[in-house]
Amino acid sequence: MAESRTIRFGIIGTGSIAARFVVGLAHVPGAAAVGTYNRTLSKAFAFNAQHNIPHTYDSVAALLASDIDAVYIATPHPSHASLSIAALQAGRAVLCEKPAAISTAELDAVLAVARDTGVLYMEAMKPPFFPLYREIRQRIDAGEIGEVRFVRAGFANPNVPAGHAVLDPAQAGGSLLDIGIYGAFLAVDWLGAALDVQALGRIGPSGVDTFASIQSRHERGISQLYCGLDCGGSGEALIAGCSGHIVIHEKWWNPSRATVVCANGHREELASIPQGSGLNYETAHFCELLRVSQHESSTVSWPHSRNALELILLAQQKI
Ligand SMILES: NC(=O)c1ccc[n+]([C@@H]2O[C@H](COP(=O)([O-])OP(=O)(O)OC[C@H]3O[C@@H](n4cnc5c(N)ncnc54)[C@H](OP(=O)(O)O)[C@@H]3O)[C@@H](O)[C@H]2O)c1
């Protein structure tokens with residue numbers, strides 16, 4: 005794809021995160037939303053009018069057949085894998101909201117199609133693309149806290165309205181798949197795949213997990229994670245190395261402030277206020293990959309997505 009060409013996105017699902025995606029897109033040079041599909045067509049028309057998007061389609065197939073380069077999938081969890089496969093088979097690059105799928109079998113099917121077609125596929129796992137996370141990575145790679153051996157992170161939000169998809173078992177809701185997946189990504193990003201997962205949790209009245217506390221042994225260390233829909237949490241993350249540690253302050257999944265503490269006594273406060281909606285950073289990276297014809301991100305690689313999902317599913321089984 006020519007460097008200068010605008011990357012044309014189609015959006016599947018015009019709910020709340022899709023609106024944040026479009027706000028972010030305005031901060032991504034050389035990218036535009038050109039069409040949408042939504043189950044309720046009237047909401048797609050309203051969305052397009054609000055965000056100045058020219059085309060609305062009445063089927064996924066029609067959107068995929070239109071003049072687009074990529075799709076952003078922003079529908080509930082159970083639809084992610086089948087929509088990703090349909091888009092990849094149509095030759096459209098896929099940026100799919102988290103979780104990438106609701107089972108490892110589903111995700112493997114997606115990745116097989118991505119591999120076979122050579123079309124770009126990336127889970128929209130936003131934290132590692134924020135400027136602060138990139139700075140933290142540079143500092144850890146430079147050895148400021150030594151080899152990472154422990155990760156602790158939490159994300160809990162008790163303000164979910166009754167009836168939301170995240171409380172619906174039929175929509176593969178629950179704290180683990182919805183927000184626990186962020187902590188799982190952080191753990192596997194720094195420590196590798198989980199080898200042994202222990203979990204305690206609660207199932208809420210609607211039948212989904214509303215709280216989970218997980219500890220895991222990974223290839224390179226140990227993690228402690230929590231996620232909840234029925235209580236609050238501090239929203240911090242700790243990345244501990246053999247000669248120091250870094251705390252990413254709340255909300256660590258949209259990182260803006262962190263403290264680095266080195267074993268030699270050096271302490272430093274880091275701050276980087278995100279621009280746009282925050283989703284623009286992952287989108288800019290995705291567009292760069294598309295321009296250079298890469299089909300996988302090294303920042304959110306396919307093994308990252310698979311390892312994080314596997315950790316969450318193992319925890320789910322134990323609750
Ligand atoms: N990255 C992030 O920061 C972030 C934040 C929040 C959510 N998410 C993820 O984004 C996805 C969507 O979440 P959201 O908060 O935007 O949800 P939402 O506001 O409820 O929007 C969901 C959208 O999907 C459509 N939809 C619902 N059920 C569907 C089905 N069975 N088949 C096809 N389309 C369906 C809805 O259409 P109607 O208009 O017809 O209802 C709506 O357009 C989820 O995977 C969630 O985990 C990511």
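Residue 5 is where the sequence shown starts when you use the numbering used here, and the numbers rise one by one after that. Glycine included, every Cβ here is placed at the ideal spot set by N, Cα and C.
By a beta-carbon distance limit of 8 angstroms, THR287 contacts VAL32. Their separation comes to about 5 angstroms. Under the three-state reduction of DSSP output, ALA197 falls in the coil class, being neither helix nor strand. If you draw a 10 Å sphere on the C-beta of GLU127, you find 16 or more other C-beta atoms in it, and that means buried. Taking 8 angstroms as the cut-off, the beta carbon of LEU204 is found closer than this to the beta carbon of SER217.
In the structure shown, the three-state DSSP call for HIS289 is helix.
In this structure, the C-beta of HIS289 stays at least 7 angstroms away from each heavy atom of ligand 1.
Just measuring C-alpha positions, the residue of SER247, ALA319, HIS270 sitting nearest ASP145 is SER247. GLU223 sits in coil when the DSSP states are folded into three classes, being neither helix nor strand.
By the Cβ criterion, the stretch 98-110 is in contact with the stretch 309-319, since at least three pairs of Cβ atoms, one from each stretch, lie closer than 8 angstroms.
Pairing GLY225 with PHE154 gives a Cβ-Cβ distance under 8 angstroms. Taking C-beta atoms under 8 angstroms as the contact rule, GLY280 and GLY28 qualify, at a distance of about 5 angstroms. If you compare the alpha carbons of SER70, ALA65, PRO307, THR44 with that of ALA188, the shortest gap goes to PRO307. Taking 7 angstroms as the cut-off, one finds no heavy atom of ligand 1 near enough to the beta carbon of ASP62. Taking the Cα positions, GLY211 is about 30 angstroms away from PHE25.
Below 8 angstroms, enough C-beta pairs join the stretch 79-95 and the stretch 113-124 to call them touching: three or more.
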